[in-house]
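Below is one structure, written out as structure tokens; comments come after it.
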Amino acid sequence: LVKHRRIHTGERPYVCGQCGKSFTQSSNLIVHQRSHAERPYECEHCWRSFSQSSSLIVHQKCHTEV
137 LVKHRRIHTG ERPYVCGQCG KSFTQSSNLI VHQRSHAERP YECEHCWRSF
187 SQSSSLIVHQ KCHTEV
């Protein structure tokens, strides 16, 4: 209920220490923080790396589309 209430109040208590972007949930902040450093998902075709596996999956489609 607390998480849902934040939608209506606009409360964003979880703030990124590097860029100041704020989030309603700590899990979203954790995912965001990876964008500043950790990129463990690497494309085997072009060696581009991503912070989320879902982003890698979307990217890999550019190598298979003709």
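The working numbering runs 136 ahead of the 1-based position in the sequence shown. Glycine included, C-beta positions come from ideal geometry on N, C-alpha and C.
Within the same chain, and ignoring the five residues on either side of Arg-170 in sequence, the residues whose Cβ sits closer than 6 Å to its Cβ are Ser-187. Residue range 189 to 200 is occupied by the alpha helix (DSSP H) that includes Gln-196. For His-168, the CB contacts under 7 Å within the same chain, skipping 5 residues up- and downstream, are Cys-152, Lys-157 and Phe-159 in chain order. For Lys-157, there is no enclosing alpha helix (DSSP H), as DSSP marks it with neither H nor E.
Its Cα nearest to that of His-140, the residue Gln-161 stands out among Arg-175, Gln-161 and Gln-154.
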